[in-house]
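Asks: Input: one structure, supplied below.
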Amino acid sequence: MKNTFSLLSLAFGCAGALALPSQPLSNRANSVTPLTTAQVTTYLPYTYFAAAAYCTSSVTSTWTSNCQKNSDFIPVAAGGDGTGVQYWYAGYSPSLDSVVVAHQGTNTSSIEAILTDGEFSLTSLDTTLFPGLDSSIEADSGFLAEQAKTATDVLAAVQDTLASYPTSTITLIGHSLGGAIALIDSVYLPLWLPDMTYRTVTYGLPRVGNAAWATQVDAVTDITHINNKEEDLVPILPGERVLGYVHPTGEIHIEDSGTWEACAGQDNDSDLCSTGDVPNIFEGDISCSDASVDHDGPYDDVQLGSAACPL
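Residues -19 to -1, 1 to 292 (mature numbering (1 follows the signal peptide of the UniProt record, and there is no 0)) make up the sequence shown, in order.
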C-alpha cells in the first residue's frame, strides 16, 4: 500500500514515532574517524561541481561566465529547466580523469521541486530502466520519478563523453534532491555501462531507498555523502524508523566545530553522525523562508543552493 507524507504531516503526525528506538541494522557501526584538513580539501572539486549544477544549462553547456572553478572541465551536454526538470550537466574532468555528471538540488522557488521532496513512498524500480535487479530493492517514488525524467539523456551524454574522452571512471554529484538523483544514477548507469568504476559524492542527501537499496548502492559505487551540515534536517528524511528508509555507507558529517567526521556503516547512530546528531525533526535546523541554513552549507567555505551560481 502506498503511503504519502508531506514534511508537515511528518512533523506533526510522526514526531512521536521518530523518537522511538530504531530497529538495529546488521552493519550499523559506531566507529567515527575525523578527517584531516588535507582530506577535507580533496572534496573541493566535487563541491564546486555540485554548486555549478545550480547554474542554467546555457552556462554549464559552455562552462563560461559563472564557471570559474574546475576550469579544466570540458562540458559535453546539459539539460533541465530548473523547475519541472532539475538542471543537470555532463562532461569530462581532466584533473579527475573522470566523466562527471551533476544534478541541481531543490530549488525552493519551484513548488514542483518542493513537492517532490515532500512525498515519501517506497516503490519497486522500473524494470525498463533498472533491468535484472532484485525485486526487494525499493526506492522513493518521487525521487525515482525525478531521475527518470533525465535518465536516458544522461546515459547518452555519458556515452558521448566516453567516446570523446576515454576513461574508466564515472563520477555522480549532487546536493539535496540533486544528490538523490545522482544516487539513483549510481545504480542505473552500471546496468548499462557495467565495465566502469563509479564514484558518487553528494551533499545534504536525503534517504532514498530501503535497506536492500542501500546495500545495492554500496555494491556498485564508491559513495561519499557529506551529510548533516551541523543540524541539517534533510538527511534524516524520509524516516528510517517510520518508513523503512536507509542511508548507504560513506557518510561524512560536519560538526558544529567544523570537524568532518567519517561515519562507518549505514545510518551510524553515533551522535557525531547525522542519525545520532539529529534523531528527530525537532533537533534539526531548517528555515521556511528560503532554504535550510545548515542544508546549503557552506561546505568547506563553498555555499550550495540557489546562491551557488555564480561561483
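Heads up, the beta-carbon is just placed ideally off N, CA and C, and yes, glycines get one too.
1. Under a three-way DSSP split, which group does Ser39 fall into?
2. Report yes or no: do the stretch 149 to 161 and the stretch 45 to 65 share at least 3 C-beta pairs separated by less than 8 Å?
3. Taking the alpha-carbon positions, what's the Thr43 to Ser251 distance?
4. Does the stretch 137 to 147 come into contact with the stretch 180 to 187, if we say contact requires no fewer than three beta-carbon pairs (one atom in each stretch) closer than 8 Å?
5. Given a threshold of 16 other Cβ atoms within 10 Å of its Cβ, counted over all protein chains shown, does Ile55 qualify as buried or as exposed?
6. Where does Val80 fall in DSSP's three states?
7. What residue from Ala129, Asp237, Gly113 and Val201 has the CA that sits closest to Gly159's CA?
8. Entirely within the stretch 158 to 232 and at least 3 residues each: give me those beta strand (DSSP E) ranges in chain order.
9. What are the boundary residues of the beta strand (DSSP E) that includes Glu242?
10. Quick check on DSSP: helix, strand or coil for Ser105?
11. If you draw a straight line from the C-alpha of Ala19 to the C-alpha of Tyr280, how long is it?
12. What does the Cβ neighbour count give for Gly239, buried or exposed, with the cut at 16 atoms within 10 Å?
13. Run through DSSP, which three-state label would Ala126 get?
14. Please list, in chain order, all residues of the same chain as Gln85 whose beta carbon is under 6 Å from its beta carbon, the five residues on each side excluded.
15. Got a sec, what are the start and stop residues for the alpha helix (DSSP H) Ala19 sits in?
16. Roughly how many whole angstroms lie between the Cα atoms of Val82 and Leu106?
17. So, Phe30 versus Ile154, is the Cβ gap smaller than 8 Å?
18. Is the beta carbon of Ala71 sitting closer than 8 Å to the one on Ser38?
19. Going by the CB atoms, is the gap between Ala120 and Ile165 shorter than 8 Å?
20. Beta strand (DSSP E) containing Pro15: first to last residue?
21. Tell me the residue span of the beta strand (DSSP E) that contains Leu25.
22. Taking just the CA atoms, how far does His156 sit from Asp282?
Replies: Taking the structure as given:
1. helix
2. no
3. A straight-line Cα-Cα distance of about 43 Å links Thr43 and Ser251.
4. These segments do not touch.
5. exposed
6. Note: Val80 maps to strand in three-state DSSP.
7. Selected option, being the one with the closest Cα: Ala129.
8. 178 to 184 and 203 to 208
9. Trp241 to Cys244
10. strand
11. Ala19 and Tyr280: Cα-Cα distance of roughly 14 Å.
12. exposed
13. helix
14. Ala34, Tyr35, Gln67, Tyr68 and Gly159
15. Thr18 to Thr22
16. 21 Å
17. In contact: Phe30 and Ile154 (Cβ atoms closer than 8 Å).
18. Contact flag unset, no.
19. yes
20. Segment Val13 to Pro15, the beta strand (DSSP E) holding Pro15.
21. Looking at the DSSP string, Leu25 is not in any beta strand (DSSP E); the run it does join, the alpha helix (DSSP H), is Leu25 to Ala33.
22. Going from the Cα of Asp282 to the Cα of His156 covers about 15 Å.
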